[in-house]
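*Asks:*
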Amino acid sequence: MCVLDNNATRSPNASRFLTFSRNNETIPSEMIEIVNSTAIKLHIDRPPKVSGDSYTCLMNNSAVCMNLVSVGTKPQPIDDFRCVSHNFDNLTCSWTAPENYIKTDYSLKYTLGGRSSRYSYQCPSIQRSKVKNTMSCFWNISTTPHYRQVHNEYFFTLKMKNKFGENQTDSTFVHFAHVLSGPPENLTALSTTPSSIYLYWMVPLSMQTFPPGVHHRILYQCEYDEKKWRFGGELTDKPTSAERFFNLTNLKHAHALCDIRISLRSSKALADDESMWSRNASITVRTSSKVPDKPPKTDVGSYEIVASGNSLQYREAYIYWQQILEEQKNGPDFRYNVRVEENPSIQPIELTNAYARFLNLSISSSYTFNIWSHNANGSSIHKSTVVIPKQTDRVKEPQSFAKVEFGSGRYELTWEAPKLPLGQRITNYTVFWCSNERDRPYQCNGKLNWTVVPATATVYNATVAKDKIFQFAISTNTETGSSGMLWAACTIIHNKNMGKMKNVWINRLGSTFIEVGWKLDCSDRIGSVEGFIVYYCPIMSPLNTDCKGPQKNETFSGDGSILSGNITNLSPYTTYMLTVAVITKHTTFSQQSDPLYNTTLEAAPSSAPQDFRVINVTNSSISLAWKPPTAMNGVLKYYKIEYSNRDRIIGLQVDFKTNYTILVKLRNHLWIVAMILLLRLFGLNLLNLTAEMNIILLYKHCKIMRDVEVKLPPGLAPVVADHTLVAWNTEKHQENCDFRSPPDEELLLVKMNEGRHLSGDSSGCSSGHESVTSSLESGTHISTSDSGTEQPGSYCVLGVDPKADSSYVPVAADSNTVPYKTVDVSNESSPYVMTGDAVKTINPGYIPFNQTEPIGKSS
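Read in my numbering, the sequence shown has 687 at position 684, and its numbers run on one by one without any break.
#1: Are the Cβ atoms of residue 451 and residue 331 separated by less than 9 Å?
#2: In chain order, what residues of the same chain have a beta carbon less than 6 Å from the beta carbon of residue 93, not counting five sequence neighbours either side?
#3: Quick one: measure Cβ to Cβ for residue 352 and residue 487, integer angstroms, because I've assumed they're closer than 8 Å.
#4: If you check the beta carbons only, do residue 356 and residue 338 fall under 9 Å apart?
#5: Does the beta-carbon of residue 149, which I'm using as the reference point, lie nearer than 8 Å to any heavy atom of the ligand SAH?
#6: What are the uninterrupted segments assigned as beta strand (DSSP E) that are 3 or more residues long and contained completely in the segment 398–484, given in chain order?
#7: Might you give, ordered along the chain, the residues of its own chain that have their beta carbon closer than 8 Å to the beta carbon of residue 310, omitting 5 neighbours on each side?
#8: When the Cα of residue 241 is compared with those of 214, 569 and 559, which residue comes out closest?
#9: Note down the Cα distance separating residue 344 from residue 247, rounded to an integer number of angstroms.
#10: Name the DSSP beta bridge partners of residue 134, please?
#11: Classify residue 9 as helix, strand or coil using the three-state DSSP reduction.
#12: Given a cut-off of 9 Å, decide if residue 333 and residue 294 are closer than it, judged by their beta-carbon atoms.
#13: In the structure shown, what three-state DSSP assignment does residue 49 receive?
#14: Is it buried or exposed, residue 435, if we count other Cβ atoms within 10 angstroms and call 16 or more buried?
#15: Let me confirm a value: residue 232 is counted as buried when at least 16 other C-beta atoms fall within 10 Å, else exposed. Which label applies?
#16: Quick one: what's residue 495 bridged to in DSSP?
#17: Flag this pair as touching only if the segment 31–44 and the segment 131–142 have three or more C-beta atom pairs under 8 Å; answer yes or no.
#18: Between residue 183 and residue 281, which are expected to be in contact by the criterion C-beta below 8 Å, what is the C-beta distance as a whole number of angstroms?
#19: Relative to the C-alpha of residue 445, which residue among 358, 106, 77 and 548 is closest?
#20: Can you tell me which residues form a DSSP beta bridge with residue 265?
#21: Our contact map puts residue 533 next to residue 586 with C-beta atoms below 8 Å; I'd like the distance itself, whole angstroms only.
#22: Anyone know if the C-beta pair for residue 580 and residue 612 falls short of 9 Å?
#23: Taking the C-alpha atoms as reference points, what is the distance between residue 506 and residue 521?
#24: Quick check on the DSSP output: the beta strand (DSSP E) that includes residue 569 runs from which residue to which?
#25: From residue 504 to residue 429, what distance separates their C-alpha atoms?
#26: Sort 547, 66, 89 and 464 by Cα distance to residue 152 and report the nearest one.
#27: Could you give the C-beta distance for residue 636 and residue 609, rounded to a whole number, given that I count them as a contact under 8 Å?
#28: Can you tell me whether residue 302 is buried or exposed, with buried defined as 16 or more other CB within 10 angstroms of its CB?
#29: Could you give the distance in angstroms between the alpha-carbon of residue 266 and the alpha-carbon of residue 95?
#30: According to DSSP, is residue 719 part of a helix, a strand, or is it coil?
#31: According to DSSP, simplified to helix, strand and coil, what is residue 121?
#32: Does DSSP put residue 20 in a helix, in a strand, or in coil?
#33: Measuring CB to CB, does residue 116 end up less than 9 Å from residue 156?
#34: Taking Cβ positions, are residue 431 and residue 405 nearer each other than 9 Å?
#35: Assuming residue 575 and residue 605 make a contact with CB atoms under 8 Å, what is their CB distance in whole Å?
#36: Could you check which residue in 508, 456 and 255 has the C-alpha nearest to that of residue 223?
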């Protein structure tokens, strides 16, 4: 209530200007009651407990008076009063004061039973802790009153008082049951065996006189055991000596580090009161060592054969075993010993805790490997054995072995049964798995486990720890041996989208084929592989890799053992683009690999030069023309022209041309006819003109030459011989003929001076093959003119019916000369141009001959 005195009242109903605030916050007017014109009242129902709120009475926002208000209750009962004697040296009682914002006073006293109950003993000093509002009272032999150790029961009275009232708590305390001993002293291990530890300790000095005595509890935890405290024993007797001895027995493991803890508790303490055990005395002791308990475990197939370098006579072997547990090693300096029974001098080049590696083992010998566990105390009593048979006796490994990871430590292993020779039968498979920091191809150094599955199985589902990496292997087992271990090369992730093949290359190529090779990655093996498909097409150019035509493909059906595919019927000297994809179950395809580009080798042109024909003929030259083959199938080196002059074939090389002029020394037009008859044009393929075509050309050429004016030398009369046309392959071709070198070659030997005459006898020769009559003399006069108009005195015009089987009628000349007639080539194909005119020389009668640069070659 806030009341104004009369001196402060300056106006009637001054209480209308009065208000209250709490901690500087205005209290709502509905909580304030106006008592009269000078007074107001504030009423708060069930206010919360507070240590002190500031209430202020205000008049026109000016302070009139201020009060500090605390809200509390009368003292509340104590429910955690507790006393304990520490090591029988002192006594401490404690309790927690209930929260109350009203100052409360506490007093504690106790009485003893019997006649001493009429006396009470006050607490020397009550201490208040700031932590959790804890209050306590402490007695020892130095306080007043002092700690009375010999009494078993105390009767305590705790009184509490404040402005709102008083309260009291009475408690009976059983002294000896609440004596908390100190830890044992001088704990020592006197001796050890592989399965026991003999212990010694002493009871604390102050507890040696404790009337009821104490119990001794031994707890221990040893290496390799489950991480929890094991009960070793409890001593409950009351010895006369303060020294105690205890043999901790039945320890499971030799050479194991044990943590031993011993505590004490009053014999009068409640059995289930764990709080009365003393702090522990602790010691760490290792049991004695001994030889290992057993050898490592092996399986009939726990070995792997690896090819030894480039040798066909030797092999490399890995011998695997299941490592024994750490608790079975039983001593320091642990290792595994591996010995070859047949030849102990063979030593492993690599020996780890998981495998031994041997080199240069003969393929024609079998080997027995014995394995022991060994430590500083010696080797295990028993041994394990792995036998590697001769190469010819080894069982075949399973095929297409793969592992698929499904996550959370779940794997699916799949394989196909090997094809065994007659007389062998699969009894079962062994599936191995090994934990390691890395997957294959790294050797596994972790623990090897395995299980045996039936011979009919081709799938095994394994569940392992999900937070580790595991390698998997399999072996085929028969009644007589095993294939040894086949490791899964990599891990396939289930439901992962199939990627493109990465390992693709060109194995070999020819002019019409390209063989593509590949190697499957794990990502390419998702699902069962049912084949491969190779896509290919020729490209536009090295700078434009678009397909020149429609893309083709070829499928190679089979499993993952197919490593290549041969694409045939390709065009020679053509650059192709090729890609490879995998076909899996349900006819699904992987992405195509990155393209490969390669060019097939060169080959002979697809055909002989096309449209081969004569475009001009004079008495000293023949001009030829042709079209290139349909497909050149390589880089054109040259065209080869062969023509025959009686008994010799003269070859010319013509580079990159489709027309050419042959210059000849004409002493007898019949020689030209023969040359025309035997003319053959080559690329890299021989132009095989049929006999019928040769006859047609012969007819055509003779018809052209028939009207050429020829002057024969005096004294040379035309000779008409057998004009019968004979087939090309008859023996009459060289019968009774004295063939001479072509004029070009003759003139290489003798260079003629201008106007020089050569003398000699003339002789005639009739060639049934050419079906013409010729007369040649070694001393024939050589004209100084290169016009080609001076010819021998006699000539022969040869006409042949286009049909090969028609009769031949020779035509004889009426005189020594015939009019010169210009050859009309206007009907020949226009794209061809005659090149290579005859070379003019100082001596017009001399025509040079150069086989490297033929006369008439276009420049």
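From the three backbone atoms N, C-alpha and C, an ideal C-beta is built for every residue, glycine too.
*Replies:* Reading it off the structure:
#1: no
#2: 143 and 150
#3: No, residue 352 and residue 487 are not in contact; Cβ-Cβ is about 19 Å, not under 8 Å.
#4: yes
#5: As far as ligands go, the structure on display features none, and thus does not contain the ligand SAH.
#6: 402–410, 413–419, 429–439, 451–457, 462–466 and 472–481
#7: 318 and 319
#8: 214
#9: 55 Å
#10: DSSP output for residue 134 lists no bridge partner at all.
#11: helix
#12: yes
#13: coil
#14: buried
#15: exposed
#16: 407
#17: no
#18: 6 Å
#19: 358
#20: 221 and 284
#21: 5 Å
#22: no
#23: 6 Å
#24: 567–570
#25: 35 Å
#26: 89
#27: 6 Å
#28: buried
#29: 21 Å
#30: Caution is warranted here: a pLDDT of 49 is assigned to residue 719, below 50, making its placement in the model unreliable, and the coordinate value is therefore given only provisionally. Residue 719: coil per DSSP, three-state reduction.
#31: helix
#32: helix
#33: yes
#34: no
#35: 6 Å
#36: 255
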